[in-house]
Amino acid sequence: MEYEHISEEDKKTIVDSQLKKLEADHFALLLLEPNKLQDSQNHLSWQQAKTGIEQSIERLRVKSKELL
Numbered sequence: 488m489e490y491e492h493i494s495e496e497d498k499k500t501i502v503d504s505q506l507k508k509l510e511a512d513h514f515a516l517l518l519l520e521p522n523k524l525q526d527s528q529n530h531l532s533w534q535q536a537k538t539g540i541e542q543s544i545e546r547l548r549v550k551s552k553e554l555l
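Structure below.
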């Protein structure tokens, strides 16, 4: 898609801010890891959320390198 109102610099800023937010979310999630043995269902949900954030971070890192 061709963007008319955002520049390449705007795109870099957007990607950087999204990466910062995702990394902060990931860090916060790690602080709240449920006990795997005592709360297996919540741990599974936590693991899936963590994996989703990690995959998003990796995709955005690739995109960030493309914009350089």
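Just so it is clear: in the sequence shown, position 13 is 500 by my numbering, and no numbers are missing.
Don't be surprised by glycine CBs; every beta carbon is placed ideally from N, CA and C.
Less than 8 Å separating the beta-carbons of residue i and residue j?
| i | j | result |
| --- | --- | --- |
| LYS550 | HIS513 | no |
Spatial neighbours of residue i within its chain, please: C-beta separation below 8 Å, excluding the five flanking residues on both sides.
| i | result |
| --- | --- |
| LEU516 | TRP533, ALA536, LYS537, ILE540 |
| LEU547 | VAL502, GLN505, LEU506, LEU509 |
| LEU519 | TRP533 |
| ILE493 | ILE501 |
With a threshold of 6 Å on Cβ separation, who are the neighbours of residue i within its own chain once the five nearest residues in sequence on each side are excluded?
| i | result |
| --- | --- |
| ILE544 | LEU509 |
| ASN529 | PRO521 |
Taking only three categories from DSSP, how would you classify residue i?
| i | result |
| --- | --- |
| ASN522 | coil |
| HIS492 | coil |
Using only CA atoms, which one of the options lies nearest to residue i?
| i | options | result |
| --- | --- | --- |
| GLU553 | MET488, LYS499, TYR490 | LYS499 |
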